[in-house]
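Below is one structure, written out as structure tokens; comments come after it.
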Amino acid sequence: LLVVTNPVDILTYVTYKISGFPKNKVIGSGTVLDTARFRYLLAHHVGIDARNVHGYIIGEHGDTEVTVWSSANIAGIHADEYCEKCHKCDEKIRKHKIFEDVKNAAYKIIEKKGATYYAVALAVKRIVEAIVRDENSILTVSGMLDGQYGIDDVCLSLPTIVNSKGIGTILNIPLDNREIDLLNKSAETLKEVIKVLEI
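Under our numbering, think of the first position of the sequence shown as 2, with each following residue one higher.
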């Protein structure tokens with residue numbers, strides 16, 4: 002089951018709980034689109050093809066999502082190191098601006114067009130391709146956590162191997178202490194909503 006409707010992490014959790022499907026078969030679109038936007042904006046900023054930019058947005062698809070700057074890189078060169086060489090910006094302004102642009106992209110599109118259709122459709126297409134083609138692609142889909150970073154019983158996005166079985170391995174990528182704290186806050190925010198649902 003592929004869940005796309007927002008709030009996607011909450012609805013992925015509800016779908017898992019009421020469907021009876023195994024957790025690997027219930028997938029939320031998560032932060033796949035946010036991650037693509039992050040890579041695009043970072044690539045645009047440094048003037049490099051987005052296919053050579055690697056980084057993730059994890060956690061809730063929404064206000065508490067987390068940018069993983071600690072491992073963001075351009076062709077294997079850490080983003081901070083690359084930006085020191087390109088001299089285009091102040092590090093703090095760049096990070097904050099890119100994160101805010103990623104987080105607010107959907108709101109800006111809705112303001113101008115009334116809805117976000119195409120980008121979400123492309124993200125869903127990408128997830129379906131990974132499943133149908135058994136690609137073992139790493140995508141930031143939303144799935145049920147089982148102890149990753151000390152978090153369980155909540156659906157949120159982490160880099161995940163996606164293949165014909167659905168969710169394969171949820172990866173424990175290296176995070177710095179700040180990112181772990183923000184990820185835990187994201188999980189707690191979702192758990193507060195889940196408590197109200199009494200599922």
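We put the CB at the ideal spot given by N, CA and C, even for glycine.
Practice problem: Pull up the distance between the alpha-carbon of Val9 and that of Leu140, whole angstroms please. | Solution: 15 Å
Quiz item: So, helix, strand or coil for His97, using DSSP?
Solution: helix
Quiz item: Given Gly56, which residues of its chain have a CB within under 8 Å of its CB, disregarding the five upstream and five downstream residues?
Solution: Thr36, Phe39, Arg40, Leu43, Thr68, Val69, Trp70, Ser72, Ala73, Asn74, Ala80
Quiz item: Alpha carbon to alpha carbon, what distance is there between His62 and Val103?
Solution: Roughly 11 Å between the two C-alpha positions.
Practice problem: Just mark Thr161 as buried or exposed, buried being the case when its beta carbon has 16 or more other beta carbons within 10 Å. | Solution: buried
Quiz item: Which residue from Ile171, Gly60, Ala106, Leu157 puts its Cα closest to that of Ser138?
Solution: Ile171
Quiz item: Ile174: which of Gln149, Lys192, Leu34, Val133 sits nearest, CA to CA?
Solution: Gln149
Quiz item: Identify the residues that DSSP records as bridge partners of Gly144: which are they?
Solution: Residue pairing by DSSP places Gly144 opposite Leu157 in a beta bridge.
Quiz prompt | Beta-ladder partner(s) of Leu3, from DSSP | solution = Ile28
Quiz prompt | Assigned exposure category for Thr6 - 16 Cβ within 10 Å defines buried | solution = Answer is exposed; the Cβ neighbour count stays below 16.
Quiz item: Rounded to the nearest angstrom, how far is the Cβ of Leu202 from that of Ala188, given a contact under 8 Å?
Solution: Any question about residue 202 goes unanswered here, given that the chain covers just 2 to 200.
Exercise. Can you give me the start and stop residues for the alpha helix (DSSP H) that Ile11 sits inside?
Key: Run containing Ile11: 9 to 20, per the alpha helix (DSSP H) assignment.
Exercise. Could you tell me which of Leu2, Glu180, Val197 sits nearest to Gly29, measuring between CA atoms?
Key: Leu2
Exercise. Please report the residue range of the alpha helix (DSSP H) in which Thr65 lies.
Key: From DSSP, Thr65 is part of no alpha helix (DSSP H); its letter is neither H nor E.
Exercise. Could you check if Arg95 is buried or exposed, using at least 16 other CB atoms within 10 Å of its CB as the buried criterion?
Key: The residue is buried, with at least 16 neighbouring Cβ atoms inside 10 Å.
Quiz item: Can Ile128 and Val163 be called in contact, C-beta distance under 8 Å?
Solution: yes
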